[in-house]
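Colleague:
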Amino acid sequence: MIHSESILICIAVPILITLFFTKGASRRYALFFIMGMGLCLLTAYISGFIDQLCGKDNEWTVVYVSPVVEESMKMLPLLFYMILTDPDDSNMFSSGVALAAGFATFENCCFLLASETAGLTVILVRGMAVGVMHVVSIMVLCLGLILIRKLLPVSVPGIVGALSFSMTFHSLYNLLVSVPGISTYIGYVLPIVMGIFVWILFQRMVGTSKQDVLWQRER
Amino acid sequence: MLLLIWFIFRMFTEDLGTRSMTAVFFTFGLAAYLAADMYWLAHLIVKEGMTPDFSTVEIGIAGLFLLWGAAVSAYRRDDYHSGYTSAYAVSALPVALTVIFVMAITAFWIAWTGGWVKDIITGIAMGYLSCVLSNRLHISKMFSKKEWILAGVYCGFLLGFEAGTLLTHGVSLMILHILRYICWFGGSLFLGCKIRDKLLREKNPEQGLYLSFAGFVWNVYILYLSTGILYQIANVLVTLSIIPMYLTVRKEVCR
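Chain order of the listed sequences is A and B.
In this text, residue positions in the first sequence follow our numbering: the first is 52, and each later residue adds one.
In this text, residue positions in the second sequence follow our numbering: the first is 1491, and each later residue adds one.
In structure tokens:
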């Protein structure tokens, strides 16, 4: 039997080694990618623990508990990174995207372990949907963190508000794909639609104007 | 939901380009509200009518209140020309009384529904938005001292009626229900008239913005404390109260 920890080691170790031979943005991306994979395993442990504690079934955990735990865990490294290093906005986004990519990658690996008979179409669709969903939720969270750090008095409620939105979006996805049928297809399409909106939003807010207030750093 | 989608689309295509913090937080709040509503609807359909326990709906709604509180807090934070010394100023007494009011309302929710966790979380988030609004209304000199005292007495009576409904039964209970609903909907009507005056007659968008958010919060209080047909009326009021919020945010912030 292949354990998920073994998959993590097989994927993470080569990437860890590359940290010694890269620097700057590449190193940061690899680091957050590994962190995302590790977080995925950690959230699985926590969700499993809550599952056992509450005595509910796996579907209940996936629909009601996992989104809350996963989004909270994904936010923590970004929050620490933001507070400790005060990075540029573009570095925040790229780190968040790497974190989400690592998370989604390991989640897909665990899905493959759990459902060995899934066809290529299912794997492709699920892989893309999960990947987009995690990236979109982290982009929204990053956007919220970037905006909020400019307004110190509203930091805590703003961060929790942004986190709540990510949790709601993730929960909606998990709910829709939990039951087979048309809701599953809607669930798979939802992250892609949301991703398009977030991408357009990102393009508009970055813009080309030097007078773009949101991206000016307040020193 | 259709109203929220339309407003989000309009804010998205027109107003975020103005780089206004308040507009962005307001739009995020609308998106959180929409996501929570979509989740509730999806849950009813997918789980065939079973209502969720403490779930993402409460988290989404709490996020909505927090984001809109951030939107109001971000509004004119660097503007010293609105007659108050600083947007960071805190009026202790209105905020303290608001905290007491929200705590009492939350206690009534818990006593009525029995759901501790979700009511406390919702109460904290609503309390934050309520405190931000009462602070801004006070420092922008929206009401006179006399009006603030009257508002305090009015809310005191309201809390008394609410508490009475938990302790009485029979005819007294019916009378208290009538009185409390008159107070709640009367307050909603008063705020609606004030919002109309500020927006249409006095053309004071800043106070109109604070009042429109306050109107939304007041209608949500009514929603969470109503049943039956009155719950549906409150639902309509909550939906309608988003319209002046959108108009004031769009007009004042995105100019």
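For each residue, glycine too, the CB sits at the ideal point set by N, CA and C.
Taking the runs of the alpha helix (DSSP H) that are 4 residues or longer, which of them lie wholly in the region 1665-1728 of chain B?
Modeller: Here the runs fully enclosed are 1695-1714.
Colleague: Apart from the five residues just before and just after Tyr1574 (chain B), which ones in its own chain have a Cβ nearer than 8 Å to its Cβ?
Modeller: The predicted model places Tyr1574 (chain B) with a pLDDT of 49, which falls under 50 and marks its position as unreliable, so this point remains unresolved.
Colleague: Quick one: does Gly106 (chain A) have its CB under 8 Å from some CB of chain B?
Modeller: No - not a single Cβ of chain B is within 8 Å of the one on Gly106 (chain A).
Colleague: If we ignore side chains and look at the alpha-carbon of each, how far apart do Gly147 (chain A) and Phe84 (chain A) end up?
Modeller: Cα to Cα, Gly147 (chain A) sits roughly 9 Å from Phe84 (chain A).
Colleague: Are any of the Cβ atoms in chain C nearer than 8 Å to that of Leu127 (chain A)?
Modeller: No chain C is present in this structure, whose protein chains are A and B.
Colleague: Might you give, ordered along the chain, the residues of its own chain that have their beta carbon closer than 6 Å to the beta carbon of Glu121 (chain A), omitting 5 neighbours on each side?
Modeller: Thr94, listed in sequence order.
Colleague: Can you tell me the Cβ-Cβ gap for Ser215 (chain A) and Gly1550 (chain B), rounded? I've got them flagged as a contact below 8 Å.
Modeller: With a Cβ gap of about 6 Å, Ser215 (chain A) and Gly1550 (chain B) count as contacting.
Colleague: Please report the residue range of the alpha helix (DSSP H) in which Ser222 (chain A) lies.
Modeller: Taken as a continuous stretch (DSSP letters only), the alpha helix (DSSP H) holding Ser222 (chain A) covers 206-229.
Colleague: Just to confirm, are Val1536 (chain B) and Arg1626 (chain B) a CB contact at a threshold of 8 Å?
Modeller: Cβ atoms of Val1536 (chain B) and Arg1626 (chain B): not closer than 8 Å.
Colleague: Report yes or no: is there a C-beta of chain B within less than 8 Å of the C-beta of Ser222 (chain A)?
Modeller: Yes, Ser222 (chain A) counts as interfacial toward chain B.
Colleague: Quick one: which chain B residues come within Cβ less than 8 Å of Ser234 (chain A)?
Modeller: The answer, in chain order, is Ala1532, Ile1535, Val1536.
Colleague: Work out the CA separation of Ile1600 (chain B) and Gly1676 (chain B) for me, nearest whole Å.
Modeller: The alpha-carbon atoms of Gly1676 (chain B) and Ile1600 (chain B) are separated by roughly 24 Å.
Colleague: Does any residue of chain B have a CB that is nearer than 8 Å to the CB of Met124 (chain A)?
Modeller: So, not an interface residue.
Colleague: Label Pro208 (chain A) either buried or exposed according to how many other C-beta atoms from any shown protein chain fall within 10 Å of its C-beta, with 16 as the threshold for buried.
Modeller: Label assigned to Pro208 (chain A): buried.
Colleague: Looking at the secondary structure, which residues open and close the alpha helix (DSSP H) in which His185 (chain A) lies?
Modeller: Segment 171-199, the alpha helix (DSSP H) holding His185 (chain A).
Colleague: If we ignore side chains and look at the alpha-carbon of each, how far apart do Ser1634 (chain B) and Phe1651 (chain B) end up?
Modeller: Ser1634 (chain B) and Phe1651 (chain B): Cα-Cα distance of roughly 26 Å.
Colleague: So with CB distances below 9 Å, who are the chain A contacts of Thr1596 (chain B)?
Modeller: The premise fails here: Thr1596 (chain B) is roughly 17 Å from chain A at the closest Cβ pair, so nothing lies under 9 Å.
Colleague: If we cut at 8 Å on Cβ distances, does Gly1605 (chain B) have a partner in chain A?
Modeller: Not one chain A Cβ lies under 8 Å of Gly1605 (chain B).
Colleague: Go ahead and pull the three-state DSSP assignment for Pro138 (chain A).
Modeller: The answer is coil: DSSP assigns Pro138 (chain A) none of H, G, I, E or B.
Colleague: Any beta carbon of chain B sitting closer than 8 Å to that of Leu82 (chain A)?
Modeller: With 8 Å as the cut-off, Leu82 (chain A) does not count as an interface residue toward chain B.
Colleague: Comparing the C-beta of Gly212 (chain A) with each C-beta of chain B, is any distance below 8 Å?
Modeller: For Gly212 (chain A), the answer is yes, since a Cβ of chain B falls inside 8 Å of its Cβ.
Colleague: Among the candidates B:Val1728, B:Arg1740, B:Gly1553, B:Ala1560, whose CA atom is the shortest distance from the CA of Leu1623 (chain B)?
Modeller: For the residues B:Val1728, B:Arg1740, B:Gly1553, B:Ala1560, the minimum Cα distance to Leu1623 (chain B) belongs to B:Ala1560.
Colleague: Tell me whether Ser145 (chain A) sits in a helix, a strand or coil according to DSSP, three-state version.
Modeller: Looking at Ser145 (chain A) - three-state DSSP - the assignment turns out to be helix.
Colleague: Just checking: is the beta-carbon of Val1707 (chain B) within a distance shorter than 8 Å of some beta-carbon in chain A?
Modeller: Chain A, which has no Cβ nearer than 8 Å to the Cβ of Val1707 (chain B), makes this no.
Colleague: Looking at C-alpha atoms only, which residue of A:Gly89, A:Ile189, A:Ala213, A:Ile237 is the closest neighbour of Val64 (chain A)?
Modeller: The option with the nearest alpha carbon to Val64 (chain A) is A:Gly89.
Colleague: Is Ile1629 (chain B) close to chain A, meaning its C-beta is less than 8 Å from at least one C-beta of that chain?
Modeller: No, its Cβ sits nowhere closer than 8 Å to a Cβ of chain A.
Colleague: Which residue's Cα is closest to the Cα of Phe1518 (chain B): A:Leu227, A:Ser188, A:Phe162, A:Asp139?
Modeller: When only C-alpha atoms are compared, the closest one is A:Ser188.
Colleague: What three-state label does DSSP hand Thr73 (chain A) in the structure shown?
Modeller: Correct three-state label for Thr73 (chain A): coil.
Colleague: Using a Cβ-Cβ cut-off of 8 Å (strictly less than) and excluding sequence neighbours within five positions of Thr73 (chain A), which residues of its own chain qualify?
Modeller: Answer for Thr73 (chain A): Ala81, listed in chain order.
Colleague: Compare the C-alpha of Tyr1700 (chain B) against each of B:Leu1492, B:Phe1497, B:Thr1512, B:Leu1494 and name the closest.
Modeller: Looking at the Cα atoms, B:Thr1512 is the closest of the given residues.
Colleague: If you measure beta-carbon to beta-carbon, which residues of the region 125-150 of chain A are closer than 7 Å to chain B?
Modeller: Hits within the stretch: zero.
Colleague: Taking the C-alpha atoms as reference points, what is the distance between Thr172 (chain A) and Val191 (chain A)?
Modeller: The straight-line gap from Cα to Cα measures roughly 28 Å.
Colleague: Relative to the alpha-carbon of Ile1614 (chain B), which residue among B:Thr1588, B:Pro1734, B:Trp1602, B:Thr1717 has its alpha-carbon at the smallest distance?
Modeller: Ranking the options by Cα distance to Ile1614 (chain B), first place goes to B:Thr1588.
Colleague: Grab me the residues of Leu227 (chain A)'s own chain with a C-beta within less than 6 Å of its C-beta, minus the 5 sequence neighbours each way, in chain order.
Modeller: Ser234, Ile237, Gly238.
Colleague: Would Lys125 (chain A) and Leu150 (chain A) be called neighbours here (beta carbons separated by less than 8 Å)?
Modeller: Taking 8 Å as the Cβ cut-off, Lys125 (chain A) and Leu150 (chain A) qualify as a contacting pair.
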